[in-house]
Amino acid sequence: MCLFIAKIRQRTCHFPHFCYKNALFSAFSKQHLNYAKVSIKFKLEHKKYPFNFDDKDFIKINNLRKKFYNLRLIGCDKNLYNGLGYGNISKRYKNTQQFIISGSQTGHIKNTLKEHYSQVQCCNIELNHIKSLGMVKPSSESLTHAVFYQLDKSIKWVVHIHNNKLWSLCKKLNFPVVNHKISYGTIKMAEIVGELYKNTTSKESGIFVMLGHQDGLILYSTTKNKIFKILDNFYEIQK
């Protein structure tokens, strides 16, 4: 198993490069949000071959993905984001730092099958390297997902969703935010997300706002029920 070896540095947490960055709301505007064509930005070592994906794990992650898909928090819309698929979901693989994640650009698929998921077997954030197995390549946000599984063994679920209302109300709701200059799927994104998690008081579940990734939000939780509790609380606020 590939482990992420952390080096202790001054003014950082125990994970390399997780330096604290202040979120600059004043610089935030639509003009900064160029929705680039989705691409995998990490070094990927992928083997196109089925992995050991038992029915129990598949049903759990697939049923949860269906709920997010039906809420249009994961999906694909020709009128949004240049018609590219958006959102992804992952689940810790057994009790390891490995995880199962929806494949890159599978948002348009309503009823996903086992072949639409990938197993991330190894993630070295410092080297920007991921090793994976499956019939599809892992999501371009895999590096960010990996941070949670490496930081806290109790985290079992990570979901990246898109919701304009929640994203737009990030200041009012006072959610932790990632600077608008930080691009998705990069080492910097992983670094900042790691630092936000280190400093948050909500270790069991929470939500981070990605200012530089239009409508992008990251949810994490120890259980799938707590993820939906986060959403329920938000929808209650909107009423």
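If you want this note's numbering, it's the position in the sequence shown, counting the first as 1, plus 6. Virtual Cβ for every residue (Gly too), placed ideally from N, Cα, C.
| Item | Value |
| --- | --- |
| Residue interval of the beta strand (DSSP E) (run including glycine 140) | 135 to 140 |
| Arginine 98 in three-state terms, based on DSSP | strand |
| Rounded separation between cysteine 176 and arginine 78 - CA only | 19 Å |
| Serine 138 classed as buried or exposed, judged by whether at least 16 other C-beta atoms fall within 10 angstroms | buried |
| Given glycine 93 as reference, the closest of Gly191, Phe57, Phe48 and Asn180 once Cα atoms are compared | Gly191 |
| CB-CB length for isoleucine 136 against isoleucine 95, believed under 8 Å | Incorrect: roughly 17 Å between the Cβ atoms, too far for contact. |
| Test item: CB-CB of tyrosine 155 and arginine 98 under 8 Å | yes |
| Span of the alpha helix (DSSP H), counted from its first residue to its last, around asparagine 68 | 61 to 76 |
| Backbone CA spacing between leucine 217 and valine 183 [nearest angstrom] | 7 Å |
| Which listed residue (Asn185, Lys209 and Ile193) has its alpha carbon closest to that of isoleucine 131 | Ile193 |
| Pairwise C-alpha distance: serine 211 and lysine 235 | 9 Å |
| Residue from His219, Met141, Gly140 and Asn134 with nearest C-alpha to alanine 152 | Asn134 |
| Limits of the unbroken alpha helix (DSSP H) element including isoleucine 6 | In the structure as shown, the chain starts at 7 and stops at 245, and residue 6 therefore has no counterpart that could be examined. |
| Residue environment, serine 110, which counts as buried when at least 16 other CB atoms sit within 10 Å | buried |
| Supposed contact pair lysine 162 and threonine 228 - C-beta distance, whole angstroms, cut 8 Å | 6 Å |
| Exposed unless 16 or more other CB atoms sit within 10 angstroms - verdict on threonine 118 | buried |
| Buried/exposed call for serine 174, threshold 16 Cβ in 10 Å | exposed |
| Expected contact under 8 Å - CB spacing of isoleucine 107 and serine 148 to nearest Å | 6 Å |
| Residues that DSSP places opposite glutamine 125 in a beta bridge | Ile106 and Leu139 |
| Selection from Leu172, Val142 and His166 that minimises the alpha carbon distance to glutamate 281 | Given that the chain is displayed from residue 7 to residue 245, the structure contains no residue 281 and the question cannot be resolved. |
| Own chain, CB closer than 8 Å to serine 160, minus 5 neighbours either side, in chain order | Lys209, Glu210 and Thr228 |
| Bounding residues of the beta strand (DSSP E) (the contiguous stretch that carries phenylalanine 154) | It is not in any beta strand (DSSP E) - phenylalanine 154 instead sits in the alpha helix (DSSP H) that spans 148 to 157. |
| Beta-bridge partners of lysine 49, as assigned by DSSP | His135 |
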